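Undergrad: The opening residue of the sequence shown carries number 11 in the working numbering; numbering runs sequentially from there. This structure is in structure tokens; I'll ask about it shortly.
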Amino acid sequence: MKKINRICVVVLLVVFVTGLFSCRGKTDTEPELTMLSEMGSEADPLRVQPEEPLMEESQVLTVTVYVCGEVKAPGVYELSGGARIVDALKAAGGFTDKAAVSYLNQAELVSDGQKIYVPSEEELLEGSIVSPAAGAFEKTEGSAGLVNINLADKAKLMTITGVGEAKADKIIAYREQSGSFKAIEDIMNVPGIKEGMFNKIKDQICVK
Numbered sequence: 011m012k013k014i015n016r017i018c019v020v021v022l023l024v025v026f027v028t029g030l031f032s033c034r035g036k037t038d039t040e041p042e043l044t045m046l047s048e049m050g051s052e053a054d055p056l057r058v059q060p061e062e063p064l065m066e067e068s069q070v071l072t073v074t075v076y077v078c079g080e081v082k083a084p085g086v087y088e089l090s091g092g093a094r095i096v097d098a099l100k101a102a103g104g105f106t107d108k109a110a111v112s113y114l115n116q117a118e119l120v121s122d123g124q125k126i127y128v129p130s131e132e133e134l135l136e137g138s139i140v141s142p143a144a145g146a147f148e149k150t151e152g153s154a155g156l157v158n159i160n161l162a163d164k165a166k167l168m169t170i171t172g173v174g175e176a177k178a179d180k181i182i183a184y185r186e187q188s189g190s191f192k193a194i195e196d197i198m199n200v201p202g203i204k205e206g207m208f209n210k211i212k213d214q215i216c217v218k
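Quick look at the structure:
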């Protein structure tokens, strides 16, 4: 009986000691795991946070041009940087049947704010449009601004787009016969100047 009691005591001691070490080991490990978990949660954003895309050093430049004259869709167009005259003409729908196709250097680079005027073959034949020099794309307008069609002499009238020597003479003859123009629209009463041409020159003329 005493022998059995001793065995029981020994077994209990073994169980007690084993349990003690087991609890202590668990207690020591939990803070360690907790600390690692916390460190991991703090580090996660650093690991998975995507890098912000870098801003491009330069933006794509654009140029704005005004295309008018003998094109199918005259207007203001925005083109990419490095565009050429041919690109501006394509944006405006291409040439009309009356256009002087060979007048412009279509390989020329365009500049921001440029006005590109496409004359007709008739204008070239009349001599109202001169061959463009390098970098020139339209007939030069009067430096004084709007042309007063009531007072302008022949030379001044010829600074209006599409007005050559013949049309300038007709404008002067009309003034002498009918008196001063009352409105810029009256210029369409001059033989050879119709609505189409008036729309091209209305921003260049005035009456005073």
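Ideal Cβ positions, reconstructed from N, Cα and C, are used throughout, including at glycine. This one's a predicted model, so the numbers in the text were calculated from it and none came from an experiment.
So the candidates are I159, C78, S130; which of them puts its Cα closest to the Cα of K192?
TA: Translated into the one-based positions of the sequence shown, residue 192 becomes position 182. It is I159 whose Cα lies nearest to the Cα of K192.
Undergrad: Determine the contact status of A83 and A102, defining contact as a CB-CB distance below 7 Å.
TA: Stepping through the sequence shown from its first residue, residue 83 is reached at position 73. Stepping through the sequence shown from its first residue, residue 102 is reached at position 92. Contact: yes.
Undergrad: With H, G and I counted as helix, E and B as strand and the rest as coil, what does DSSP make of G206?
TA: Indexing the sequence shown from 1 puts residue 206 at position 196. Residue state, collapsed to three classes: helix.
Undergrad: Based on Cα-Cα distance, which residue from A178, E186, C216, Q187 lies nearest to I203?
TA: Walking along the sequence shown from the start, residue 203 turns up at place 193. Comparing Cα-Cα distances from I203 to each of A178, E186, C216, Q187, the minimum goes to A178.
Undergrad: When the Cα atoms are used, what is the spatial distance from S90 to V111?
TA: Reading the sequence shown from its first residue, position 80 is the one you call residue 90. Reading the sequence shown from its first residue, position 101 is the one you call residue 111. Going by the C-alpha atoms only, they are around 23 Å apart.
Undergrad: What's the C-alpha gap between I10 and E133?
TA: Outside the shown range of the chain, which is 11 to 218, sits residue 10, and nothing can be said about it.
Undergrad: Can you tell me whether S188 is helix, strand or coil according to DSSP?
TA: Counting from 1 along the sequence shown, the entry for residue 188 is found at position 178. S188: helix per DSSP, three-state reduction.
Undergrad: Under 7 Å Cβ to Cβ from I182, same chain only, skipping five residues before and after it: list those, please.
TA: Reading the sequence shown from its first residue, position 172 is the one you call residue 182. These residues qualify, in order along the chain: K164.
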